[in-house]
Every structure is written in C-alpha cells, then in structure tokens.
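Residue numbers (this note's numbering): 38 to 151.
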Amino acid sequence: QVQLAESGGGLVQVGGSLRLSCVASGSTFSRNAMGWYRQAPGKQRDVVAIIGTDGSTDYADPVKGRFTISRDNAKSTVYLQMNSLKPDDTAVYYCKMWLANGYWGQGTQVTVSS
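In structure tokens form, the structure reads like this:
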C-alpha cells in the first residue's frame with residue numbers, strides 16, 4: 038500500500054524559507070510523477086508544483102521563481118523548497134503521487150506571519 042508522509046512545515050516570517058519533504062513507500066517511486074498541492078482555510082486545494090519521472094517541472098503562477106520542486110529517487114522523496122514566503126502562502130501543503138487514482142499524504146501546515 039502506498040503511503041506518503043510530509044514534513045518540514047512550520048511558522049515562518051514573511052520573506053523566509055522552508056523546505057518540505059515527502060517520503061513515499063509502497064511503490065516504485067521513480068516511475069510516478071509527484072506533485073505538491075496546498076489548501077488554505079475555506080479554499081479549494083490547488084496545485085503548487087509538479088515533477089515528472091524525467092525531472093521536468095511545472096509551477097503554478099503564484100509560486101514561479103520562488104518555489105522549487107525536486108526529487109531524489111534513491112530516497113523516494115520529493116522536496117519543495119519555498120523561498121521569499123508571503124502570507125498568501127499560508128496553507129496546508131500536501132504531496133500527491135500520480136498512481137492509479139492518486140495517493141495523498143496527510144499534509145503539513147505552513148504559516149507565514151507578517
């Protein structure tokens with residue numbers, strides 16, 4: 038059974054940085070695209086960044102130039118480096134594995150204070 042475990046969230050001031058990690062188990066990690074999503078209170082869950090099996094990446098417009106998604110297949114881990122954080126980045130961040138109907142982690146809270 039696929040399991041995803043996010044970590045690295047927390048409280049940070051405006052302009053600060055955080056690095057989120059998502060460790061996958063129960064699947065052949067390298068064969069699946071991975072992504073990060075976020076959901077703020079009262080809002081829908083939106084895509085933040087996606088990384089393909091070939092390392093290709095795509096970003097939502099609000100985070101372009103500030104966030105970087107990467108993966109380490111040897112560690113079955115996908116990362117999200119977040120720089121120049123803004124209050125609007127406050128949300129629960131989830132990782133997703135594109136396998137079958139999709140698998141989600143439990144989420145990690147990111148709070149950016151002004």
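Just so you know, even glycine gets a beta-carbon here, dropped at the ideal spot from N, CA and C.
Beta-carbon proximity of R82 to Y140, cut-off 8 angstroms
Taking the sequence shown and counting its residues from 1, the one referred to as residue 82 is at position 45. Taking the sequence shown and counting its residues from 1, the one referred to as residue 140 is at position 103. No.
Check whether the Cβ atoms of V60 and Y74 sit closer than 8 angstroms, and answer yes or no.
Looking up residue 60 in the sequence shown gives position 23. Looking up residue 74 in the sequence shown gives position 37. Their beta carbons are not under 8 angstroms apart, which means V60 does not touch Y74 by this criterion.
L55 beta carbon less than 8 angstroms from that of E43:
For the purposes of this step, residue 43 is identified with residue 6 of the sequence shown, where counting begins at 1. For the purposes of this step, residue 55 is identified with residue 18 of the sequence shown, where counting begins at 1. Not in contact: E43 and L55 (Cβ atoms no closer than 8 angstroms).
Contacting residues, own chain, Cβ-Cβ under 8 angstroms from V39 (five flanking each side not counted)
Residue 39 sits at position 2 when you count from the first residue of the sequence shown. Taken in chain order, the residues that qualify are A61, S62, G63, S64, M134, L136, Y140.
Which residue from Q146, K112, L122 puts its Cα closest to that of A128?
Position 91 of the sequence shown, counted from the first residue, corresponds to residue 128. If we check each option's Cα against that of A128, Q146 comes out closest.
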